[in-house]
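The structure appears below as structure tokens.
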Amino acid sequence: MINILIVGSGGREHAMAWKIKQSPLVNQLFIAPGNAGTSLLGTNLPIGIADFEGIKKAALDHQIDLVLVGPEVPLCEGLHDYFLEDSTLKQVRVVGPQKLGAQLEGSKDFAKEFMMRHQIPTAKYCSVTSATLSEGLAFLKTMKSPYVLKADGLAAGKGVLIIDELSEAEQSLKEMLDGQFGAASSKVVVEEFLSGIECSVFAITDGKDYQILPVAKDYKRIGEGDSGLNTGGMGAISPVPFADEVFMKKVEERIIRPTVEGLQKDQIPYNGFLFFGLISCQGEPMVIEYNVRMGDPETEAVMLRIKSDFVDLLIGAADGTMAHKTIEIDQRTAVAVMLVSGGYPGPYQKGKVIRGLESVENSFAFHAGTSLKDGEVCTDGGRVLAISSYGQSIDEALAVSYKNAQRIDFEGKYYRKDLGFDLQK
Ligand code: AMP
Ligand code: GLY
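Numbering-wise, this note's numbering puts 173 at position 173 of the sequence shown, and it's gapless, one number per residue.
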């Protein structure tokens, strides 16, 4: 029996906590900092995700055997390395890559060079700094509209611009290099635009062997029909009809296996999740981006479909025993519908009382941005709750989530009612 500490506070972490709690391998579960939902499954600890000293103290105080890192920021800042370097923490397993491997998400240029080196299919690109601006402008001229500009570093999901006019793209490239996204855009990746339909593929790996988790599609835009501003994610569906056996075979042969082999060839240790943001260009998978963690809200659907003991998989990734692990997947469909605060992703209010949680039936209400105030569950973020359900089809699962979305109430509640509109059902 082991004690586990989850780092993070979103719907992803609540869904992972829910799954972990079902494992007979777990003794105590802690979440730092967690939310109102995770407090029902384990002990929330008031520690920030980048407070390494606080996390260390919690690991020692609570005899933690395994730390599961939810978001990318602590990984890119070296939380795993920090644990490896501290002799008092040597016995604590960390699931999530070290700083070097986390560069797959932390630097778009690093990810692109990695894909080039290992012949992994991705869009043509050119990395540009102030010193090489003229080359960047020349490369832009060789591309067709629309133009894709990406800040090299982490920019909280906002660092990608897709621009129709060449003159505007040229201007934006200069502005990005001038610090539009701070240090994150001191280098910019200019990329060929790929058209197709996107999906999220996940693997858990010890850096040598891996298991593929259920594939999902997320809905990033705030408005129906994929209109309006980008959000952290308005919902997710798993499995994805177009990501069929033929497509997934290509993904494994051309992308997943070469990525894990590439990590080994480059001597990059990697214990954790690989998240492949893919686009299907007429059935041919291409990598749009790597992430080094699970997706949110994809996790709120994916966890429902993992039948195996998730903790056993985490131990496999941490201990280098993935070769001995298997994964069993639920054949049903799972969906997550995100309820968000009015105004999100623009300015919105927090602290609205959430009512009706007790009336939810046949769904899981994973908390994304909630907190407890005077014993009441209140909104505490833009994304508030992920309502996750099973079904024999996408429509059936969505109908269950939508019904429960109506039962829950808070001032300003909004959700998309057209999830799956682009999938043949
Ligand atoms: P990223 O942060 O790299 O995932 O980019 C955010 C979003 O921009 C992606 O989910 C895609 O919808 C879009 N995007 C990024 N790169 C490209 C590309 N090369 N072609 C088309 N769309 C892209
Ligand atoms: N749902 C996309 C992400 O987690 O980045």
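Idealized CB from N, CA, C, for every residue including glycine.
Given a cut-off of 7 angstroms, decide if I163 and A169 are closer than it, judged by their beta-carbon atoms. Yes, Cβ-Cβ distance for A169 and I163 is below 7 angstroms.
Using DSSP with H/G/I as helix, E/B as strand and the rest coil, what is F273? Of the three classes helix, strand and coil, the one that applies to F273 here is strand, per DSSP.
Tell me which residue opens and which closes the alpha helix (DSSP H) that S172 is part of. Counting along the chain, S172 sits inside the alpha helix (DSSP H) bounded by residues 166-175.
When the Cα atoms are used, what is the spatial distance from I327 to K250? Cα atoms of I327 and K250: separation of roughly 20 angstroms, rounded to the nearest angstrom.
For F139, collect the residues of the same chain with a Cβ closer than 7 angstroms to its Cβ; drop the 5 residues on either side in sequence, then sort them by chain order. Only residues of its own chain outside the window of five on either side were considered, and among them C126, V190 have a CB closer than 7 angstroms to the CB of F139, listed in chain order.
Residue burial classification, T38 (beta-carbon count within 10 angstroms, cutoff 16): With 16 or more other CB atoms across the displayed protein chains lying within 10 angstroms of its CB, T38 is buried.
Restricting to Cα atoms, I'd like to know which of K403, I354, V311, A386 is closest to D65. For D65, the closest alpha carbon among the candidates K403, I354, V311, A386 is that of V311.
I need the straight-line Cα distance from I279 to E298, nearest angstrom please. Their Cα atoms are separated by approximately 16 angstroms.
Would you please verify whether the beta carbon of F366 is less than 7 angstroms from any beta carbon of chain D? Reference to chain D is not applicable here, since this structure consists of a single protein chain.
CA-to-CA distance, I237 to I197, given in whole angstroms: Looking at the two C-alpha atoms, the distance is approximately 14 angstroms.
Go through its chain and collect everything with a Cβ distance to I256's Cβ below 6 angstroms, but skip five positions before and after it. Result list for I256: A203, in chain order.
Mind checking T88: buried by the 16 CB within 10 Å criterion, or exposed? Exposed, because fewer than 16 other Cβ atoms sit within 10 Å of the Cβ of T88.
Just checking my contact of L104 with Y290 at CB under 8 angstroms: how many whole Å lie between their CB atoms? About 4 angstroms separates the Cβ atoms of L104 and Y290, confirming a contact at the 8 angstroms cut-off.
Kindly list the residues whose CB is nearer than 6 angstroms to the CB of F410, restricted to its own chain and excluding five residues on each side of it in sequence; keep chain order. Contacts found: K352, I354, T379.
Element boundaries [alpha helix (DSSP H), containing Y82]: From DSSP, the alpha helix (DSSP H) with Y82 extends over 79-85.
Is any heavy atom in the ligand AMP found nearer than 6 angstroms to the beta carbon of G232? False, no ligand heavy atom lies under 6 angstroms from that Cβ.
Beta-carbon separation of F181 and A156 under 7 angstroms? Taking 7 angstroms as the Cβ cut-off, F181 and A156 do not qualify as a contacting pair.
Same chain only: Cβ atoms within 8 angstroms of N230, ignoring 5 sequence neighbours per side: The answer, listed in chain order, is G157, K158, K220, R221, I222, P345.
Straight-line Cα distance separating S9 from K350: One C-alpha to the other measures close to 16 angstroms.
Looking only at its own chain, which residues have a Cβ that is under 8 angstroms from the Cβ of A58, when we skip the five neighbours before and after it? Within the same chain, Cβ atoms closer than 8 angstroms to the Cβ of A58 are found at L5, F30, A32, L45, I47, I64, the five residues on either side in sequence being excluded.
Tell me the start and end of each unbroken beta strand (DSSP E) in the segment 336-388 that is at least 3 residues and wholly inside, in chain order. Every unbroken stretch of the beta strand (DSSP E) spanning 3 or more residues and falling wholly within the segment 336-388 is given here in chain order: 364-367, 370-373, 376-379.
Which one of G136, S186, V335 has the shortest CA to CA distance from P239? Here the closest residue by C-alpha is V335.
Bridge partners for M286 per DSSP, in chain order? Answer by DSSP bridge pairing, in chain order: I279.
Where does N404 fall in DSSP's three states? N404 falls in the helix class under three-state DSSP.
Going by alpha carbons, who is nearest to A386 out of L372, S393, E376, Q406? Answer by Cα proximity: Q406.
Within a Cβ cutoff of 6 angstroms, which residues of the same chain sit near G54, ignoring the five residues on either side of it in sequence? So the list reads I47, once near-sequence residues are dropped.
Starting from I315, trace the alpha helix (DSSP H) in both directions and tell me its first and last residue. Per DSSP, the continuous alpha helix (DSSP H) segment holding I315 begins and ends at 310-319.
Can L372 and V302 be called in contact, C-beta distance under 7 angstroms? No.
Taking 6 angstroms as the line, does the beta carbon of G235 fall inside it for any heavy atom of the ligand GLY? Using a cutoff of 6 angstroms, the CB of G235 does not count as near the ligand GLY, since none of the ligand's heavy atoms is closer than that.
I'd like to know if the segment 112-124 and the segment 86-101 are in contact, where contact means that at least 3 CB-CB pairs between them fall below 8 angstroms. In short, these stretches do not touch, since the Cβ pair count stays below three.
Considering K21, what are the terminal residues of the alpha helix (DSSP H) in which it resides? 11-21 is the extent of the alpha helix (DSSP H) around K21.
Let's see if you can read the secondary structure: which residues bound the beta strand (DSSP E) around T326? Neither: T326 is in no beta strand (DSSP E) and is coded neither H nor E.
Report the residue from S227, E175, E192, E252 whose alpha carbon sits nearest the alpha carbon of V148. For the residues S227, E175, E192, E252, the minimum Cα distance to V148 belongs to E192.
For F30, name the three-state secondary structure that DSSP assigns. F30: strand per DSSP, three-state reduction.
Do K285 and L423 have their CB atoms nearer than 7 angstroms? It should be pointed out that residue 285 corresponds to Pro in this sequence rather than to Lys. Cβ distance not < 7 angstroms, so P285 and L423 don't count as in contact.
Taking only the alpha-carbon atoms, compute the straight-line gap between R383 and K144 and give it to the nearest angstrom. Distance between the alpha carbons of R383 and K144: 35 angstroms.
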